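Read through the structure below, which is laid out as structure tokens, and then see the notes.
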Amino acid sequence: MNAISSACPCLSPQEERLQEKIQGKENHFRKTHPRVFRLLERFDGQKPRIDIERALYFTESMRQTEGEHLTLRWAKALMHIAKNISVCVQEDQLLLGRAGCDGRYGILYPELDGDFLDIAVRDLPTRQQSPAYITEGDARRVVEEIAPYWKGKTYHEDLNASLPPEVHKLTYDDPEGLISRFIVNETSSFRSSIQWVHDYEKVLRRGFNDIKREAQEKLAALDPMSPRDMCEKKPFLEAVVIVSDAIVLWARRHAALAREMAAKEQNPERKAELLRMAENAERVPAEPARDFYEAVQSQWFVQMFSRIEQKTGTTISNGRMDQYFYPYYIKDLEEGKITEEKAMELLECMWVGMAEFIDMYISPTGGAFNEGYAHWEAVTVGGQTPEGCDATNELTHLILKSKREFPLHYPDLAARIHSRAPESYLWDVAETIKDGAGFPKLLNDEEIIPLYVSKGATFEEALDYAVSGCAEARMPNRDTYTSGGAYINFAAAVEMTLRNGRMKKYGDRALGVETGDPRTFETWEQFWDAYRQQHMLFLRTAFIQQYLIIQIRARHFAQPMGSALHDLCMKHCIDLHQPHIPEGVDLGYFEFMGLGTVVDSLSAIKKFVYEEKRLTMDQVLAAIDANFEGYEDVRALLKSAPCYGNNDPYADAIGKELDRIS
């Protein structure tokens, strides 16, 4: 009997599939989804390959446009990429559009962290966390043609040089800012931006030719005597025109290749598929989608071009897919143009494309934070309509069904829940969770919608939120905050309280506040005050980081396509990465790491050292220094304290106090 079955005789469907794979049994997915299974087989177990074309052509263009407006430079770089990047049509695939080579791959963003690209391409193939393969020829081109241009120009270098010493020492473990201390860890230098939700419905309904026309009309209406119109609005709108042409050109290059392949194809069934793929790409995303297939293809082009545009595109949310695809799906279904099975096959071709693209973090810090090639192309289902009615539909259930049957963790599925959600939907969500793969995550409308309304959104806007990234909620066309927030390790604040502002890992250097030897603290209030000082230092550090990040990012990043799909950016002719966009909802965040550990630790110290006096601080420190070896009785006692997450009023009171000071 193997480990899975002996440990748990009642297996979830996901566990049964894993067990069958271990035992070498034929995968049931092969029988029910033969096309998608063949696509999956081609990259199963592959180490990702780094494709350098995006970085190469982006760098070529940026060399040629120095001194121009940043958003305009970015659009010109995207056009250069669209003209030159290799396009391919994968065998068996029904969707066109990739950001790089065949198989499992990732791409590079030298504008973010090109200062150490030459080191990274040497270390990436053999590093422990998230290794990636690169050919010798490509590695040489990175070192000789790409990396030299970016030395002294990258966002990472600018941020590292801008942090005050007292902030730097809690952020990085080296002068170059390549290794994080994992205390107050800024994330923007390895992921560029936090995520948001494109207005995909705008593309499906209007197409980029109409978005281009809108920009041209705004250009024609500018005041030639207005400095702001000429210096800020004009280059932004010119960038929208260029990037609209760029994505259409890129799509039509795919169409031309599909037609060329169709002319040579001997299999009549595949020939017909290739011709239909070519027809789709000749129309979308330039023009409005007319049916479900065109809608899926149009969205996929936008999703993939986002990845080319900027690193944040690797986690750009897919939004409320069951809402913006639904009109096309139900129309085709009623007219007999598509079956449920065919629609699912198209969606799963998209899921495969998501799985093949790897969000490359080339820095040691990024690799450690995202070990396992984690990426989050969130798809949101359920929720409410603009009128406040339940939004569940047939496509909602189809996506949930696909998630149960598709054998990989893509997309990252989220289900919105509200008080009027139908029982059939709740059962379907529960069945999907029961499958055992960890999806979907649940989002509570009753909490999130009032939050957005309190921040200035209309009720209708708040009803349209979707999950973005790991678990953030974002509104298309209203959310404007894009700067990656800090991961704050408050467990380190507990250690600094116990070690007078120091951490064992970093020796005798005081990184935190020197609050004194805890053995001299006679009361819990003294210990709590010492912890509070460390806690507040971490928060101050995070806010200083974030202020600088907001200012610096605007000098290094632009998002012309993403801005073209954001109503406020188009209204005010301003790039999404500029701070404080008028009318925007500017909601950022910090991630508190180890909150449960902090509550549990403080609970144990308060109860057993200061209240019941069953332990002395000397005993606690000696046990910690020995990693509890020989102090098993001390460890057992500390673990018996009231713990966070158990609805225990003792622990919850400490948690509430932490929340209050945060």
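Counting in my numbering, the sequence shown runs without a single skipped number right up to 1885 at its last residue. The beta-carbon is built from N, C-alpha and C at its ideal position, and this holds for glycine as well. None of these values were measured; they are calculated from a predicted model.
Cβ pair residue i, residue j closer than 7 Å
{"i": "Arg1697", "j": "Ala1680", "result": "no"}
{"i": "Val1365", "j": "Leu1340", "result": "yes"}
{"i": "Ala1601", "j": "Ala1637", "result": "yes"}
{"i": "Ala1716", "j": "Phe1761", "result": "yes"}
{"i": "Thr1619", "j": "Asp1731", "result": "no"}
{"i": "Pro1783", "j": "Thr1294", "result": "yes"}
{"i": "Phe1405", "j": "Ser1586", "result": "no"}
{"i": "Tyr1688", "j": "Glu1814", "result": "no"}
{"i": "Leu1788", "j": "His1421", "result": "yes"}
{"i": "Leu1674", "j": "Val1466", "result": "no"}
{"i": "Trp1473", "j": "Ala1305", "result": "yes"}
{"i": "Asp1658", "j": "Gln1242", "result": "no"}
{"i": "Val1808", "j": "Lys1678", "result": "yes"}
{"i": "Phe1266", "j": "Gly1326", "result": "yes"}
Proximity winner among the options, relative to residue i (alpha-carbon distances)
{"i": "Lys1376", "options": "Phe1851, Ser1309, His1779, Thr1619", "result": "His1779"}
{"i": "Asn1307", "options": "Ile1470, Glu1291, Ser1416, Asp1452", "result": "Ile1470"}
{"i": "His1379", "options": "Arg1742, Thr1358, Leu1262, Thr1410", "result": "Thr1410"}
{"i": "Cys1572", "options": "Gln1237, Gln1522, Gly1589, Met1583", "result": "Gln1522"}
{"i": "Gln1533", "options": "Ile1330, Lys1457, Ala1714, Leu1401", "result": "Ile1330"}
{"i": "Ser1385", "options": "Ala1846, Cys1454, Gln1769", "result": "Gln1769"}
{"i": "Ile1828", "options": "Asn1870, Ile1877, Asp1635, Leu1791", "result": "Ile1877"}
{"i": "Ile1402", "options": "Ala1343, Arg1429, Ala1859", "result": "Ala1343"}
{"i": "Leu1665", "options": "Pro1511, Ser1647, Val1604", "result": "Val1604"}
{"i": "Phe1629", "options": "Glu1483, Pro1872, Met1567, His1795", "result": "Met1567"}
{"i": "Arg1482", "options": "Asp1468, Glu1492, Met1500", "result": "Met1500"}
{"i": "Gly1817", "options": "Asp1871, Phe1713, Arg1763, Leu1799", "result": "Phe1713"}
{"i": "Pro1699", "options": "Glu1492, Gln1352, Glu1806, Pro1458", "result": "Glu1806"}
{"i": "Tyr1549", "options": "Ala1512, Ala1478, Leu1262", "result": "Ala1512"}
{"i": "Asp1315", "options": "Leu1263, Gln1352, Tyr1328", "result": "Leu1263"}
{"i": "His1477", "options": "Pro1508, Ser1449, Val1464", "result": "Pro1508"}
{"i": "Tyr1547", "options": "Asn1723, Val1426, His1391", "result": "Val1426"}
Own chain residues within Cβ distance below 6 Å of residue i, not counting five before or after
{"i": "Leu1498", "result": "Ala1485"}
{"i": "Leu1480", "result": "Val1310, Val1312"}
{"i": "Leu1623", "result": "Asp1651, Thr1655"}
{"i": "Trp1297", "result": "Ala1781, Pro1783"}
{"i": "Gly1708", "result": "Gly1811, Tyr1812, Phe1813"}
{"i": "Lys1441", "result": "Leu1460"}
{"i": "Leu1556", "result": "none"}
Contact set for residue i: own chain, Cβ-Cβ below 8 Å, skip 5 residues either direction
{"i": "Trp1373", "result": "Thr1282, Pro1333, Glu1334, Gly1337, Asp1338, Leu1340"}
{"i": "Leu1569", "result": "Leu1317, Leu1318, Phe1515, Tyr1516, Val1519"}
{"i": "Cys1866", "result": "Gly1819, Val1822, Asp1823, Ser1826, Ala1874"}
{"i": "Pro1609", "result": "Glu1683, Leu1686, Asp1687"}
{"i": "Arg1755", "result": "Ile1884"}
{"i": "Leu1382", "result": "Gly1400, Glu1409, Ser1411, Ser1412, Leu1771, Ile1772, Ile1775"}
{"i": "Ile1553", "result": "Asn1616, Glu1617, Leu1618"}
Buried or exposed (CB count within 10 angstroms, at least 16 for buried), residue i
{"i": "Cys1612", "result": "exposed"}
{"i": "Glu1424", "result": "buried"}
{"i": "Glu1579", "result": "buried"}
{"i": "Asn1490", "result": "exposed"}
{"i": "Leu1621", "result": "buried"}
{"i": "Pro1398", "result": "exposed"}
{"i": "Gly1692", "result": "buried"}
{"i": "Asn1408", "result": "buried"}
{"i": "Glu1835", "result": "exposed"}
{"i": "Asn1850", "result": "exposed"}
{"i": "Lys1879", "result": "exposed"}
{"i": "Glu1496", "result": "buried"}
{"i": "Phe1431", "result": "buried"}
{"i": "Met1453", "result": "exposed"}
{"i": "Ala1859", "result": "exposed"}
Own chain partners of residue i with C-beta closer than 7 Å, once the 5 adjacent residues on each side are dropped
{"i": "Ser1309", "result": "Glu1276"}
{"i": "Asp1668", "result": "Gly1606, Gln1607, Arg1639, Ile1640, His1641"}
{"i": "Gly1868", "result": "Gly1819"}
{"i": "Ile1671", "result": "Tyr1688, Ala1696"}
{"i": "Arg1643", "result": "Asp1613"}
{"i": "Arg1286", "result": "Tyr1372"}
{"i": "Tyr1280", "result": "His1303, Ile1304, Asn1307, Ile1308"}
{"i": "Pro1354", "result": "Lys1270, Leu1347, Pro1348"}
{"i": "Lys1299", "result": "Ser1284, Thr1288, Ile1465"}
Nearest-angstrom Cβ-Cβ length linking residue i and residue j, presumed shorter than 8 Å
{"i": "Arg1475", "j": "Ala1504", "result": "6 Å"}
{"i": "Thr1720", "j": "Phe1750", "result": "7 Å"}
{"i": "Gly1735", "j": "Gln1757", "result": "5 Å"}
{"i": "Ile1369", "j": "Ile1273", "result": "Actually they are not in contact, since the Cβ atoms of Ile1369 and Ile1273 sit about 12 Å apart, beyond 8 Å."}
Any non-hydrogen atom of the ligand NAD within 6 Å of residue i CB
{"i": "Val1519", "result": "Looking at this structure, you won't find the ligand NAD or any other ligand, since it has none at all."}
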